[in-house]
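*Asks:* Take a look at the following structure, please.
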Ligand code: ZN
């Protein structure tokens, strides 16, 4: 039995991949029935940083992140209408149209956040045959039963042979009190048994033939099946949000042990949740803010638009295992912090050494920067410490920029390399784009030109040709094209 790891403390010393030089990593991806929101951004960014860091350390990484497109039901893992089928019914679309539409939008949002695409992105609906075979293995080993065309995990029987609940620290008694019986007519032996295969009711539009019924796989089945298909019966890292530990990941462990006689996952990693003004994100609070709404600023809880790099920076400012509370003020503070880093990064590119090689005065924030970043990443991906080290070196950069300090050619080269490695390549911050993540400068610029041309229009109406011509000629000289229209003016650069 493998040990359970819930973190990668002292990463470099303690992380031992199953195959030298290679890492297999599986992360639970989105259920594609709506736009991605802040709750999707956090696991995507957390495991993107891990993926980038493992590659920086020289591992060849196979990163699998699935798309859930069938079997995720409305009320809980086993009951209610399929979330995608419901969306398809409401919007009069083919379920796969819903899946494609939201998958495309998810990819667009992830690209904006600079989240690298995974190596493999398998769909649950594309692996029905493999899931049926996995269920059959569990039945063959006696840990599941068929009831009325559905197949359920026999949790009580399983728990006699394997420790059920060890990831979440629950025991069967806890689980009994947590899992409510939805109706007295349940075909399950126990409320804590979970579906491996569900017989489709007549109104259920997504279903496939199986030895037990025309139906569909239980939600947990896809991750056990696709994880082991692409990464082997045992693989290194499985990630996801803390909310997936129970029942989803606990069920995955049980399925693997029941079918294969062993656990599949070596290290479990879970990112903590994001709260909004202290509250959980949830439909009942009406506080789901989609990433698109962040980028456009169109949501009542937002004071203004926030660019994707501000969101990324905001998430990386907290350790992935701590909760993050979102508010517009917190995002504004993150935006200011990001701007300071961007400014320092751009200055760093334009600095020239003030001393020839070897004579450099070591400024605080330069000498030990690489070591601080490395140690922070090694300590369970401590991204806030990496950011703090970068801020310290930003102070040193500004000191040299302001002519109050000196830097040697060697120190400058070292500084540029550390920033490129940690800020750009590992944290994935796009610092090179001036004003990226912030359109307030652009807005101010547009406002100023509109204001000037408004003054010119007023001057023309007052027959003040001198002012009107001066504004026009000066702007034209700066490269603007100005066109008078019957409603006023248009301009472009
Ligand atoms: Zn999963």
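Numbering (this note's numbering), first residue to last: 469 to 961.
The C-beta atom is built at its ideal place from N, Cα and C for all residues, glycine as well.
Note that this is a predicted model, so its numbers are computed, not measured.
(1) Is the Cβ-Cβ distance between residue 895 and residue 854 less than 8 Å?
(2) Using the three-state DSSP reduction, which class does residue 575 fall into: helix, strand or coil?
(3) Any chance the region 807-816 sits against the region 836-853, with 3 or more Cβ pairs inside 8 Å?
(4) Let me confirm a value: residue 522 is counted as buried when at least 16 other C-beta atoms fall within 10 Å, else exposed. Which label applies?
(5) How many Å lie between residue 700 and residue 584 at the Cα?
(6) Would the beta-carbon of residue 896 be found less than 7 Å away from any heavy atom of the ligand ZN?
(7) Between which two residues does the beta strand (DSSP E) holding residue 620 run?
(8) Going by alpha carbons, who is nearest to residue 682 out of 616, 481, 547 and 757?
(9) Which whole-angstrom value is the C-beta distance of residue 611 and residue 622, which I expect to be below 8 Å?
(10) Going straight from the alpha carbon of residue 633 to that of residue 721, what length do you get?
(11) In terms of DSSP beta bridges, what is residue 738 paired with?
(12) Going by alpha carbons, who is nearest to residue 939 out of 915, 901, 922 and 732?
(13) According to DSSP, what are the bridge partners of residue 685?
(14) What three-state label does DSSP hand residue 674 in the structure shown?
(15) DSSP on residue 567, reduced to helix/strand/coil?
(16) By the DSSP assignment, the beta strand (DSSP E) with residue 490 in it spans what residues?
(17) Compare the beta carbon distance of residue 764 and residue 773 with 8 Å and say whether it is the shorter of the two.
(18) Is it a yes or a no for the region 670-685 touching the region 568-584, going by three-plus beta-carbon pairs under 8 Å?
(19) Go through the residues and name those whose CB comes closer than 5 Å to any heavy atom of the ligand ZN, in chain order.
(20) Need the endpoints of the alpha helix (DSSP H) that residue 810 sits in, please.
(21) Would you kindly work out how many angstroms separate the C-alpha atoms of residue 512 and residue 660, rounded to a whole number?
(22) Restricting to Cα atoms, I'd like to know which of 606, 786 and 711 is closest to residue 727.
(23) Just to confirm, are residue 535 and residue 589 a CB contact at a threshold of 8 Å?
(24) Counting only the same chain and skipping the five closest in sequence on each side, list residues whose C-beta sits under 6 Å from that of residue 491.
(25) For residue 901, tell me which candidate among 582, 564, 739 and 525 has the shortest Cα-Cα distance.
(26) Residue 945: buried (16+ other C-beta within 10 angstroms of its C-beta) or exposed?
(27) Do residue 493 and residue 531 have their C-beta atoms closer together than 8 Å?
(28) Kindly indicate which three-state DSSP category residue 523 falls into: helix, strand or coil?
(29) Determine the extent of the alpha helix (DSSP H) in which residue 1030 is found, giving its start and end residues.
*Replies:* This is what the structure gives:
(1) yes
(2) helix
(3) no
(4) buried
(5) 23 Å
(6) no
(7) 618-621
(8) 616
(9) 5 Å
(10) 9 Å
(11) 708
(12) 922
(13) 665
(14) coil
(15) helix
(16) 490-495
(17) yes
(18) no
(19) 496 and 691
(20) 796-818
(21) 30 Å
(22) 606
(23) yes
(24) 485, 522, 527, 529 and 704
(25) 582
(26) exposed
(27) yes
(28) helix
(29) The requested residue 1030 is not part of the displayed model; the chain covers only 469 to 961.
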